[in-house]
Structures are given as C-alpha cells and as structure tokens.
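Comments concern the structure below.
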Amino acid sequence: MSKRKSLGRYIPGTIEKKWRDKWSKEHTYEFKEEAGKETYYNLVELPYPSGDLHLGHWFTFVNADAHARYKKMSGSNVFFPNGFDAFGLPAENAAIKRNIHPQDWTMKNIETMKSQFATMGTMIDWSHEAITCTPSYYKWNQWIFIRMFEKGLAYRGKALSNWCPSCQTVLANEGIEDGKCWRCGSVVVQKEIEQWFLKITSFADSLLWDNTDEGKKANGVEWPKSVREGQNNWIGRSEGASIQFQISNHKSQIEVFTTRPDTLYGVTFLVVAPEHPVIGQMVHGKWQIDEKTKKEVFAYVEAAKEKTEMDRKEQKEKTGVFSGFYAVHPLTSEEIPVWIAEYVLWGYGTGAIMAVPAHDGRDYEFAKKYNLGIKKVIQAKNGQPGEESGYYVGPGTLTHSGDWDGIVVPEGIGKIIEYLSEKKLGKSRVEYHLHDWSVSRQRYWGTPVPMIHCDTCGVVPVPLDELPVVLPYEVDYAPKGRAPLATAESWQNVSCPKCGGSAKREAETLDTFFDSSWYYYRYMDPEYDALPFDPQRAERLMPVDIYFGGAEHTLGHTLYARFFTKFFKDEGLIAFDEFAKKRVQHGIILGPDGFRMSKSRGNVVNPDDVVSEYGADAVRLYLAFMMPFEATAPWNPTAISGIYRFLRRIWELYERVDDSADGMLSKQDVYWMHKTIKKVGEDLREIRFNTAVSSLMEWLNHLSRKEQISLEEYKTLLLLLAPLAPHMTEEIWQMFQIQDSVFKNQEFASIHQEDWPIYDEKFLVQDEVVIVVQVNGKVRENITMESAESKEKSAVEKKAKESEKIKGYLEGKTVKKSIYIEGKILNFVVS
RNA sequence: GCCCAGGUGGUGAAAUGGUAGACACGCUGGCUUUAGGAGCCAGUGCCUAAACAGCAUGGAGGUUCGAGUCCUCUCCUGGGCACCA
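Numbering (numbering that gives the first Met the number 0), first residue to last: 0 to 830.
Shown next as structure tokens:
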C-alpha cells in the first residue's frame with residue numbers, strides 16, 4: 000500500500016508558466032497532416048488586434064480549445080490555427096490620435112495580444128498564422144478581386160451615399176451629426192457615387208438556406224436556426240409580379256412591383272419614389288401640369304434629396320404630394336391618381352407601388368391622411384357567393400338568383416400572374432432585399448484595389464504577375480476629404496498595362512470584410528504562393544468542422560464567407576458548397592453589474608487580473624462552467640472561488656491515491672467512473688461545457704467520500720479534466736512519472752498526447768434501481784429493487800403494493816390501470 | 001410591424017415527456033485555536049411546529065397515466081431586420 004507524497008501547495012502561477020514555455024519550445028501543437036488520420040478543423044473567428052485581449056476572447060477561445068483538445072484525445076488530427084484581422088479604421092484613428100503609423104500600431108498590438116493569448120494555455124497552432132495586413136496575405140485579396148472583376152462579379156457602379164459637398168467625400172452614417180458633416184459642418188446630401196461593388200446578388204438564390212427537413216439533411220450542415228432564418232430574411236427573396244399602369248393621356252407607363260397581385264382590384268392610387276425618373280418627365284417635360292402642382296412636386300423632390308438615409312428612417316409620419324397625373328386601372332379602367340411619397344423606396348422593386356389601402360397598413364395610413372379611396376377585395380369562399388366560388392372578385396351585388404356582377408379574376412397568385420401575362424398587363428418577378436456589396440473605402444489602412452484608370456483604356460486590372468500592389472508606407476493618411484492614397488502621387492502614377500500611356504492607380508482600398516471572407520482558406524498554408532490556397536490541401540482539410548464566433552456576424556461576415564465559398568466553387572478551386580459544417584455562436588459575458596462591459600461604465604473585468612489571482616486553469620474552468628456557451632450572463636467575481644476550490648481538491652486528492660486499490664473498486668465506483676467518462680465526452684463534443692464540469696464535480700464529490708482512491712480513478716479524472724484545465728493536469732501527470740521513476744532518462748509523456756478514456760455500457764447498469772411509485776401521477780413512494788427483478792412489471796407492482804404508504808393511497812379505490820416505465824416509474828391510475 | 005432566442009430559488013443554472021431545482025455561488029447554524037483564498041458537518045423554492053401533506057418552472061387553456069419539456073392563445077425580456085410593396 001503506497002500512499003502518495005503530497006504535491007505541496009497548488010500554486011497555479013508557477014505550474015502554468017512552466018508548461019506553457021515547454022509546449023511552445025517543443026512546438027507541441029503544430030499541426031502536421033497525417034495520412035490516414037481524420038483531420039478536424041477547429042476554427043474561431045479571427046480577432047481584431049485592438050491591443051487588448053478581453054474576457055470575451057477568453058470565453059470563446061478557451062472553450063473552443065477544450066473542444067479541440069477533446070477531439071485530439073479522441074483520435075482526430077486537430078487543426079486549430081489563429082490569425083489577425085489587421086486592416087481597418089481603428090488603426091487609422093488610433094494612429095492619428097497617438098501620432099504612430101497604423102502599421103506600427105497594429106503590429107505592436109498583435110505582439111501584445113499574442114503574449115496574452117499565450118497565458119490561456121490553448122493548443123492554437125501559431126505556425127499557420129495569417130495576418131491580413133501583410134502583403135503576402137492581401138496579394139491574394141487582390142488576386143481574388145481581379146478574378147471577380149474578370150467574371151463580372153466586381154464592377155464599378157453607382158449607389159446613393161451620404162455626401163459632403165464641401166469635403167468632397169463620402170461619409171459613413173456615423174460621420175453625420177445632426178444632418179451635417181462632422182468635420183466641416185456642411186449639410187450632407189444624398190448623392191449617387193461611383194464605387195466598387197461585388198455582385199453578391201447573383202448568388203442570392205444559392206445563399207438561401209433550405210430550412211425544410213429534407214434540405215437540412217441534404218446539405219448536412221449544422222448551423223443555428225437564428226443564422227439561417229436571419230440570412231434568409233436579409234436576402235429577402237419575394238416572389239410577386241410587376242404590373243404596368245398606363246398613364247392617362249400619355250404614352251408612358253409606370254411599372255410597379257407587388258407581392259399581392261391578387262389585391263389588384265383594390266388599387267386606388269399609385270405611389271412613386273421621389274427619385275423616380277417619371278417625375279422628371281412630368282416636371283421638366285412638356286406634360287400638362289399646372290404651375291402650382293409643379294412647384295409643390297419640385298419642392299417635395301428637392302427636400303427629399305437633402306435628407307440623409309437616417310433622417311428618412313427616423314421620420315414617422317408619411318408625407319407625399321400629388322403629381323398632377325392619373326393612371327388607368329387595368330381592370331376597371333378607372334382613373335387613379337399618381338402620388339409621390341418617400342415611403343416608397345427607389346432602391347427596391349421598381350420604385351413604384353400600386354397602393355391597396357384596404358389590404359396594406361402603410362397604404363391605408365397614407366390614404367387616410369390624403370383622403371384617397373379605399374376599396375376592399377372580397378374573396379369568394381368555396382360555394383359562395385354564387386357560382387364564382389374559388390375566385391377573387393371585386394365588390395358587386397349578389398342577386399337573388401345567385402348571379403354576381405363583380406369583376407372576376409382567377410384565384411391564387413400563380414393563376415393571377417398567368418392571367419395578367421395573357422392580358423399583357425404584367426409578369427412574374429422576383430425581388431431581393433439583398434443589395435450588391437459596396438467594397439470601396441476611401442481609407443488608407445486597407446488592401447489597395449488592384450485597378451488602374453487609364454484615360455484611353457478605361458479601368459484595367461493590374462497584371463497578376465505584378466501583384467501584390469503594395470500599400471505604400473509613407474502616406475498622409477490624415478482625413479483630408481479624399482482617398483489618402485491619392486496623395487501618394489509617385490505611387491499612384493503608373494503606365495497603363497494595356498496601352499502603356501499614363502494612368503493612375505485606384506486610390507480606394509477594400510472593405511475589411513473582404514479580408515475576413517476567406518482567411519480560413521489561407522490558414523491551411525499562409526506561405527502558399529501559386530494561388531490563394533492549395534486546392535488539394537483544401538480537399539483534405541476543408542470544410543471547417545466547427546466555426547465558433549459571435550452572433551453579430553450573422554448578416555455580415557458569415558454571409559460574405561459563404562459567398563466567397565460559392566465563388567471559389569464556381570472557379571473550380573473547391574468542390575463543396577458551404578465552408579463550415581457547423582456554426583456555434585457564443586454568448587456574452589456581462590459586467591458584474593449586469594450591463595455590457597464598457598470602459599465608460601467602468602465595469603470591465605480584465606482577464607489578466609483574474610488569471611494572476613486564480614490561475615489560467617481556474618479561469619478556463621469557470622468560463623466553461625458559468626453558463627451554457629450560447630448564453631449571456633454577468634460575470635460573478637466570487638463564484639470563481641468554487642472552481643479554484645475544485646481544482647485544489649483534485650490537487651490534494653493526489654496523496655490519497657492508493658495504488659493497491661486498483662481492482663478493488665466497488666460496482667458503484669466503477670459505475671461512477673464510466674458514467675462520468677460518457678457524460679464529459681458527450682458534453683465536450685456537443686459544446687455543453689458547463690455540464691461537463693458539473694459532472695466532474697459530482698464525481699469528485701463521490702471520490703472525496705471514499706477513503707481510498709485507485710490509480711485508475713484518479714488518472715481517469717485527470718484525463719477527463721485535461722481539455723479544460725491543461726496545465727494542472729499536465730503537472731500532476733508528470734508527478735506520477737517522477738514519483739514512480741518510470742521514465743528514467745526519458746522524456747515525460749504529456750497527458751495531452753494520451754487517449755480519451757473509453758467507457759463500457761455494461762458498467763452503466765446498476766445492480767439495484769430506485770423506482771418511483773406514483774398514484775394518479777403524484778409521487779408517493781420510492782422502492783429499491785434488483786435490476787433484474789425490475790424488468791418484470793408484475794414484480795414491481797407487487798412490491799409497490801406491499802408499501803404501507805401505497806396501501807393507504809390505494810385503499811378503497813379501484814386500480815383502473817397502471818403504467819410502468821422500466822427501471823424508472825410506476826404509476827397507478829385509480830378511480 | 002416581421003423574424004430569432006429566452007422567461008425555472010437570493011444568484012449562475014440542471015433536468016431522452018417520467019422524483020423540478022443536479023452542480024456551483026451566496027446565506028444560516030455547528031465543529032476544528034483555524035492565518036489556510038481554510039477545512040469539515042448540517043440546513044437552504046414557497047407554505048408549515050413538522051411532514052415521505054399542500055403549492056410551485058411568466059400567465060391562461062389543452063393533449064397525456066404523467067408536462068419546465070408537446071400544442072393553442074397571451075404577457076414580458078434580449079437580439080436582429082424594417083416604410084422592402
């Protein structure tokens with residue numbers, strides 16, 4: 000009987016540093032492909048190098064790490080890389096504020112954050128790191144952009160933007176204060192601006208998630224419903240019809256889009272957006288219109304132009320103006336007025352609507368305000384009215400004989416569109432809410448758009464063998480009202496690749512969402528220099544098996560990433576449709592006061608402080624334990640002490656390990672061990688870290704009640720804990736080897752190279768079971784029975800009826816029936 | 001307005017339709033002279049002197065032998081989208 004020597008006090012600081020240094024020195028976690036071994040691509044959204052790792056980073060990364068370590072112990076060859084999303088506006092702002100170059104600021108932050116990352120004790124493989132602001136990375140942004148350009152997927156287009164006429168620049172919504180430019184105070188106007196777009200809309204249909212059960216099975220992808228629904232709503236496919244309305248006394252027509260062509264009868268007026276070109280014809284053309292109306296229309300349209308998008312959205316009450324013209328209703332030939340109103344958007348559909356106040360709230364509101372007609376459309380129910388059953392009809396009178404004198408149109412949207420096409424009044428049309436993605440940024444710190452403007456040849460892409468177009472270092476990046484790169488004249492002036500004449504480089508840079516749309520391909524081999532990534536390696540390592548990240552990227556980043564993947568597939572670079580098989584979205588840790596952590600509120604918990612107090616393992620374990628991974632809850636500064644206590648109890652349990660106790664485990668002990676192996680494994684696999692920890696605690700409570708702990712039990716406990724608390728388990732694992740002198744003159748074996756323990760179902764069967772006895776569904780008694788005996792309902796019933804308590808409840812009553820769920824519950828239903 | 005996720009003790013939370021509150025924090029009482037982030041024992045949903053009595057998972061109905069879990073309606077919180085025709 001050999002009781003173990005005490006390990007002394009548990010001092011996480013020393014232990015953790017020792018192991019971190021060793022792992023990093025020995026490149027323990029560098030990923031190498033191994034033939035015949037299943038790879039598992041474990042991905043976390045790449046962080047922005049803000050300069051400080053916060054608790055949210057810890058929460059996501061340490062839990063993703065526990066999952067990765069579990070997969071590794073279970074036999075997968077795990078690929079867990081990381082990198083930095085290093086371009087972007089904050090670097091420029093910080094640079095201006097602190098008079099330091101954006102690049103230097105960014106690289107310094109990356110260095111700081113990597114040293115903070117190191118304290119987590121993750122198995123992140125930094126040898127595959129990708130940093131998006133390096134030329135070796137953004138070269139491939141440029142390559143992809145040019146490929147898209149050649150396919151017509153990147154194009155120069157126009158879109159309404161906030162424009163400051165004095166600074167001559169586009170402003171983001173955040174750059175507008177009170178409708179005025181934050182820099183010069185001029186009134187901001189809406190202007191059509193030329194910019195670079197990516198044609199994501201041409202992938203709209205393939206980006207739609209098939210949310211039917213069959214669809215989910217077919218693509219084999221496990222993404223949360225909130226993301227799938229959210230993206231589908233954002234893409235916003237709506238099927239409907241476009242319908243032509245003739246303008247009275249003129250040749251022109253107005254085309255409207257509607258999803259409810261079945262309500263056509265109820266149209267009492269048309270509304271066009273203030274930007275609609277027909278207004279120009281009306282006001283400036285030779286159309287007959289009285290001066291007063293003309294003035295009103297002109298004033299309304301001009302006022303609308305001055306408003307920013309924000310102003311328009313904030314406006315609550317609908318406004319509008321009568322155009323002075325009428326259109327002809329295609330069914331009744333009645334004249335209906337044409338109005339101009341801001342609530343109709345130029346950017347959606349045809350920029351004109353048919354207003355059906357009786358069946359649309361907005362139209363109703365507008366009709367009420369301006370005293371316009373309201374007409375109800377009546378649906379004929381089956382069998383009535385009269386013989387026209389099953390059709391939509393306009394109002395009419397139902398005569399005694401059952402005749403109907405209303406206007407009859409076919410029922411159902413499909414049929415009515417057919418009917419309209421036949422009459423040449425309209426046709427089916429699909430609209431999307433999704434817009435093409437504007438990727439132009441008039442900023443310095445980003446990927447230069449690899450294009451050249453030539454007066455003779457127009458826009459010409461930079462030849463591929465001249466990539467990367469390196470972002471020049473010496474540039475005046477302070478805001479001056481134009482793209483900063485336009486100030487770097489020697490950089491900008493080039494000769495045209497086509498004609499050799501003088502030309503200028505594009506001075507705009509790419510949106511950073513471009514960078515992050517494909518970084519996980521680059522991780523596979525960040526040095527690869529033939530293509531953005533090696534298609535053969537992608538075939539082996541991709542798609543990503545699990546992608547951890549935040550809910551804030553539901554509509555932006557993850558949708559763009561899917562778009563790039565569809566593009567790569569079309570290019571023949573990959574064969575799969577979706578880049579990530581599974582998406583898991585983390586929750587948020589709030590400040591101890593229950594509010595979002597923020598410097599201004601002063602409720603920020605610094606992970607470094609907590610680590611120096613309790614150690615990284617305790618922080619890791621608490622972040623796993625405190626709540627479900629997807630939940631949002633406040634940080635509880637005292638609750639972590641329970642975790643610390645848990646770790647120390649395991650540490651101290653070491654001296655109670657009795658080697659001779661092996662083979663002497665009671666059936667209960669074996670049951671506990673196998674039950675915990677099963678539960679912790681399932682939980683780590685299915686992203687239920689909180690219950691994985693609590694089941695370890697339960698087992699520890701069981702072990703603590705025993706006098707002898709066997710070596711097998713204790714080692715199993717360490718193995719199960721290893722993915723969650725990698726430092727402490729490694730330390731104890733090594734102490735075994737030292738005290739037993741089993742590895743003399745040899746390297747110590749790391750616990751993280753060990754296999755995950757295997758449980759055996761046969762040990763999960765208990766000799767005795769407790770059966771709950773209910774009477775009319777209420778618990779009245781617990782009876783304990785031999786497992787074998789409990790399989791017989793009659794035996795269980797017999798035993799239950801022997802109980803004095805149950806006898807009392809059954810006395811004088813008739814047992815109508817009884818329900819028995821094997822090994823669990825017996826319910827007597829009595830009258 | 002539409003879509004999504006939630007609502008369970010003082011707190012964070014558990015619970016394949018089968019004993020609601022595991023595990024942990026906090027709190028209460030006790031023990032151990034105890035400097036250790038102590039430990040150990042007992043208790044801790046409500047109502048009760050107590051209960052293996054009754055009531056309890058936002059609310060109201062329903063399905064079921066049995067509902068936190070499934071269905072219908074409703075209220076509230078968080079997140080996303082939005083004059084999208």
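For each residue, glycine too, the CB sits at the ideal point set by N, CA and C.
The C-alpha of residue 574 is placed about 21 Å away from the C-alpha of residue 213. Residue environment for residue 783: exposed (fewer than 16 other C-beta atoms within 10 angstroms of its C-beta).
With a minimum length of 4 residues, the unbroken runs of alpha helix (DSSP H) contained wholly in the region 30 to 88 fall at 54 to 72. The residues 580 and 581, in chain order, have a CB closer than 7 Å to that of residue 221 in the same chain once the five nearest residues on each side in sequence are set aside. Residue 584 has 548 as its beta-bridge partners, per DSSP.
Cβ contact annotation for residue 295 (same chain, cutoff 7 Å, sequence separation greater than five): 320, in chain order.
Membership of residue 619 in the alpha helix (DSSP H) is indicated by the continuous run 615 to 624.
The DSSP-derived three-state label of residue 686 is coil. DSSP, reduced to helix, strand and coil, places residue 264 within a helical segment of the structure shown. In the DSSP assignment, the residues bridged to residue 440 are 508. Among the bridge pairs identified by DSSP, residue 257 is matched with 240. Minimum Cα-Cα distance from residue 625 among the listed residues 778, 734, 690 and 232 corresponds to 690. The C-beta separation of residue 266 from residue 355 comes to about 6 Å, placing the pair in contact by the 8 Å criterion. Within the DSSP secondary-structure output, residue 452 pairs in a beta bridge with 458 and 503. Sequence-distant Cβ neighbours of residue 84 in its own chain, meaning closer than 6 Å and more than five residues away, are 45, 47, 131 and 515. In this structure, the straight-line span from the alpha carbon of residue 184 to that of residue 447 is close to 30 Å. Looking at the DSSP output, residue 609 bridges to nothing. In terms of Cβ geometry, residue 633 and residue 618 do not form a close pair [threshold 9 Å].
Counting C-beta pairs closer than 8 Å gives three or more between the region 585 to 600 and the region 630 to 645, which meets the contact rule. When secondary structure is reduced to three states using DSSP, residue 108 falls in the helix class.
In the DSSP assignment, residue 727 falls within the alpha helix (DSSP H) that extends over 725 to 738. In the three-state reduction of the DSSP assignment, residue 596 falls in the coil class.
Residues 471 of the same chain have their beta carbon placed closer than 6 Å to that of residue 490, with the five preceding and five following residues left out of the count. By the criterion of a C-beta distance shorter than 6 Å, residue 486 is surrounded in its chain by 475, once the five residues flanking it on both sides are discounted.
Secondary-structure assignment with DSSP links residue 337 through a beta bridge to 269.
DSSP, read as helix, strand or coil, puts residue 764 in coil.
Boundaries for residue 648: no beta strand (DSSP E) harbours it, while the alpha helix (DSSP H) harbouring it runs 639 to 652, taken from the DSSP string. Listed in chain order, the non-local C-beta contacts of residue 467 below 7 Å within the same chain comprise 134, 137, 138 and 141, local neighbours out to five positions each way being set aside.
Taking 9 Å as the cut-off, the Cβ atoms of residue 127 and residue 525 count as close.
The continuous alpha helix (DSSP H) containing residue 712 extends over residues 710 to 720.
Residue environment analysis places residue 638 among the exposed positions, since fewer than 16 neighbouring C-beta atoms fall within 10 angstroms of its C-beta. Counted as a single uninterrupted DSSP element, the beta strand (DSSP E) harbouring residue 351 occupies residues 351 to 354. An exposed status is given to residue 210, since fewer than 16 other beta-carbon atoms sit within 10 Å of its beta-carbon. With respect to the C-alpha of residue 583, the residue from 62, 716, 252 and 748 having the closest C-alpha is 62. For residue 170, the pairing in a beta bridge is given by DSSP as 161. The three-state reading of DSSP puts residue 705 in coil, since its state is none of H, G, I, E or B.
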